[in-house]
Amino acid sequence: MHTIYADKKKNRLYLTLDDVIEEDIPLVIKNIAKEVDQLQNDFSCLVDIRNLRLTFTDKEADYINIIQGALKDSGMSKVVRVVGEESFNKFTHSKMNEQSRNIGYEAIAVATLKEAEAILDDYKSSPSILK
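Below is the structure:
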């Protein structure tokens with residue numbers, strides 16, 4: 036299951052990825068593209084992966100790479116991932132960050148949605164905090 040929506044006022048994309056299976060990934064990519072079209076360049080992104088369980092098969096890694104590259108190419112400026120406290124989610128974040136660094140960005144990991152919102156809200160009012 037996944038939830039993807041754009042907040043035009045905050046110029047932010049919200050992604051919640053829960054137990055996404057390989058067959059779901061093309062739909063996730065399509066829905067991301069639809070929502071990104073509603074945002075302006077330099078949008079921020081909050082990704083909630085607290086319930087995501089990826090094993091990083093080659094196919095999963097390829098899709099994550101496609102998603103990350105498309106987001107960066109679409110004008111994404113900053114990313115905060117909500118990983119919670121579980122070590123598996125921290126592993127997932129670490130693997131996703133390995134890929135995103137190759138594309139040219141790095142996400143910040145936090146435990147809660149509240150922390151993620153605060154960081155991204157502060158970034159929009161003072162962009163230098165995440166550079």
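Using my numbering, you'd call the opening residue of the sequence shown number 36 and step up by one each time. Note that beta-carbon positions come from the ideal geometry of N, C-alpha and C, so glycine has one too. These numbers come from a predicted model, not from an experiment.
Requested in this report: Evaluate the contact criterion for the stretch 138-149 versus the stretch 71-79: three or more CB pairs, one atom per stretch, below 8 angstroms.
Outcome: no
Query raised in the report: Per DSSP, which one or two residues make a beta bridge with D42?
Result: The count along the sequence shown starts at 1 and reaches residue 42 at position 7. Answer by DSSP bridge pairing, in chain order: R47.
Requested in this report: Pull up the DSSP beta-bridge partners for D83, would you.
Outcome: By 1-based counting over the sequence shown, the position of residue 83 is 48. Note: D83 sits in a beta bridge opposite T51, V117.
Report task. To the nearest angstrom, report how far apart L89 and V82 are at their CA atoms. Result -> By 1-based counting over the sequence shown, the position of residue 89 is 54. By 1-based counting over the sequence shown, the position of residue 82 is 47. Their backbone Cα atoms lie some 15 angstroms apart in a straight line.
Report task. Return the CA-CA distance between L165 and K113, expressed in angstroms with no decimal places. Result -> Within the sequence shown, residue 165 is the residue found at index 130, counting from 1. Within the sequence shown, residue 113 is the residue found at index 78, counting from 1. In this prediction, L165 has a pLDDT of 45, which is less than 50 and means its spatial position is unreliable; what the coordinates show is noted afterwards. Their Cα atoms are separated by approximately 8 angstroms.
Query raised in the report: Among P61, V71, K107, which one has its Cα closest to the Cα of K94?
Result: Counted from its first residue, the sequence shown places residue 94 at position 59. Nearest option by C-alpha distance: P61.
Report task. Use the C-beta contact count for P162: other C-beta atoms within 10 angstroms, 16 or more gives buried, fewer gives exposed. Result -> In the sequence shown, counting from the first residue as 1, residue 162 sits at position 127. Bear in mind that the predicted position of P162 carries a pLDDT of just 47, short of 50, making it unreliable; the figure below should be weighed with that in mind. That one is exposed.
Requested in this report: Measure the alpha-carbon distance for K125 versus M111 and round it to whole angstroms.
Outcome: Translated into the one-based positions of the sequence shown, residue 125 becomes position 90. Translated into the one-based positions of the sequence shown, residue 111 becomes position 76. Whole-angstrom Cα-Cα distance: 22 angstroms.
Report task. Figure out for me which residue from V71, L52, D59, L155 has the closest Cα to the Cα of V115. Result -> The residue you call residue 115 lines up with position 80 of the sequence shown. Closest option to V115, Cα to Cα, is L155.
**Report entry** Buried or exposed (CB count within 10 angstroms, at least 16 for buried), S129
**Finding:** Taking the first residue of the sequence shown as position 1, residue 129 is located at position 94. Flag for S129 reads exposed.
Query raised in the report: Under the rule that 16 or more other beta-carbon atoms within 10 Å means buried, what is A144, buried or exposed?
Result: The residue labelled residue 144 in the question sits at position 109 within the sequence shown. When all chains shown are included, A144 counts as buried.
Requested in this report: Answer with buried or exposed for Q73, where buried requires no fewer than 16 other C-beta atoms within 10 angstroms of its C-beta.
Outcome: Start at 1 with the first residue of the sequence shown, and residue 73 comes out as number 38. Counting Cβ neighbours within 10 Å, Q73 comes out exposed, since fewer than 16 surround it.
Report task. Would you mind stating whether G104 and I138 have Cβ atoms separated by less than 7 angstroms? Result -> Working through the sequence shown from its first residue, we reach residue 104 at position 69. Working through the sequence shown from its first residue, we reach residue 138 at position 103. Result yes, Cβ atoms of G104 and I138 sit closer than 7 angstroms.
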